[in-house]
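In terms of the UniProt record's numbering, the sequence shown is residues 1 to 254.
Structure record follows, encoded as structure tokens.
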Amino acid sequence: MTETQDLAGTGAIITGSSRGIGAATAQLIAARGAGVVINYRQKAPRAKKVVAQIDEAGGRAVAVGADLTEAAGAKSLVDAAVENFGSLDLLILNASGGMESDRGEDYALKLNRDAQVQMLRAALDVMPRGAQVVFVTSHQAHFINETATMDAYEPVARSKRAGEDALVAMIPELDEKGITLTIVSGDMIEGTITATLLERAEPGAIDARREAAGKLYSVEEFAAEIASTVNRDGLAQGHVELVGGAEDFLSRQG
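Here is the structure:
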């Protein structure tokens, strides 16, 4: 391990971490010493591969299958962090969805708002003072009330914004417990399933977004930005970290 071990002796949960941004973030957090719960819904072999990569690099990780839309799923992740790593000091809420065609009309809101709150509430039962919660979102969601997005993504964007608002509404409770909420918002990310599904629904959408933003981050680049907010000194409660392309959104707001 070559990274600074500032997270040594801590336990972390990263939801939706069997692939993509969550998996890349998990590897970065594990490299800093945290024991990481890798969460997956169905793809156990993929999650176990992430665990193996972390183990080979000298880190600690465990894969746990859990459906975040179920209370039992959230509790199983919390239990795994405490049982395997002794504590839960970091919760990265990365899992999201809603563009799937087979999950029902209300799935986006159920996952992107209700499950996020449920996961945090389960975590609050064990998180100590000084712990951190990181909510990962997109500019398309964060700015949806001021800036329209692609038609195919709008239901997801609105549900993710609803999730962000619900978590922010919990800040008084987090303050009482000495726990910090950080929000990390990024543009569309190259190579993610969301970008692939959007391109299918609206051909040319990703190229148009890349041109407007000037650049779209890769999975690894965005994961590094998420990880950079973890354990960062001086972060205010509810801080919003805008990553890539935000200037474009802010200029549209005037």
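Just so you know, even glycine gets a beta-carbon here, dropped at the ideal spot from N, CA and C.
Nothing here was measured: the structure is a model prediction, and the numbers come from that model.
Rounded to a whole number of angstroms, what is the C-alpha to C-alpha distance between D89 and T192?
27 Å
With 16 other Cβ atoms within 10 Å as the buried cut-off, status of E225
buried
Near F249, which residues of its chain fall below 7 Å by C-beta distance, leaving aside the five closest residues on each side in sequence?
H139, F143, T147
Whether K48 touches A24 by CB criterion (9 Å):
Contact flag unset, no.
Is the closest heavy atom of the ligand HEM to the C-beta of A8 under 8 Å?
This structure does not include the ligand HEM; it has no bound ligands of any sort.
Just list the beta strand (DSSP E) runs in the region 179-248, keeping only unbroken ones of 3 residues or longer that don't cross its boundaries, in chain order.
180-186, 239-243
On the DSSP bridge assignment, give the partners of S138 in chain order.
G186
Starting from L91, trace the beta strand (DSSP E) both ways and give me its first and last residue.
90-93
Assigned secondary structure, I144 (DSSP; H/G/I helix, E/B strand, else coil):
coil
What does a CB cutoff of less than 7 Å around A80 pick up in its chain, not counting 5 residues either side in sequence?
Only V37, V62, V64 meet the Cβ criterion.
Tell me the residue span of the alpha helix (DSSP H) that contains T129.
Note that residue 129 corresponds to Arg in the displayed sequence, not to Thr. Taken as a continuous stretch (DSSP letters only), R129 belongs to no alpha helix (DSSP H), as it is neither H nor E.
Span of the alpha helix (DSSP H) holding R41?
Counted as a single uninterrupted DSSP element, the stretch harbouring R41 is not any alpha helix (DSSP H), since DSSP gives it neither H nor E.
What does the alpha-carbon distance come out to for the pair R161 and P45?
Cα-Cα distance, rounded: 31 Å.
Please say whether L198 and V133 have beta carbons closer to each other than 9 Å?
No, the Cβ-Cβ distance between V133 and L198 is not below 9 Å.
Helix, strand or coil for G58 per DSSP?
coil
DSSP on G9, reduced to helix/strand/coil?
DSSP places G9 in coil when its eight states are reduced to three.
Among residues of its own chain, excluding the 5 on either side of G86, which ones have a beta-carbon nearer than 7 Å to its beta-carbon?
G11
Could you tell me which residues DSSP pairs with V64 in its beta bridges?
N39
Would you decide whether S228 is buried or exposed? Buried here means 16 or more other CB atoms lie within 10 Å of its CB.
exposed
Between which two residues does the alpha helix (DSSP H) containing T69 stretch?
Element bounds for T69: n/a, residue is neither H nor E.
Might you give, ordered along the chain, the residues of its own chain that have their beta carbon closer than 6 Å to the beta carbon of G73, omitting 5 neighbours on each side?
A66, D67
Rounded to the nearest angstrom, what separates Y40 and L111 at their Cα positions?
14 Å
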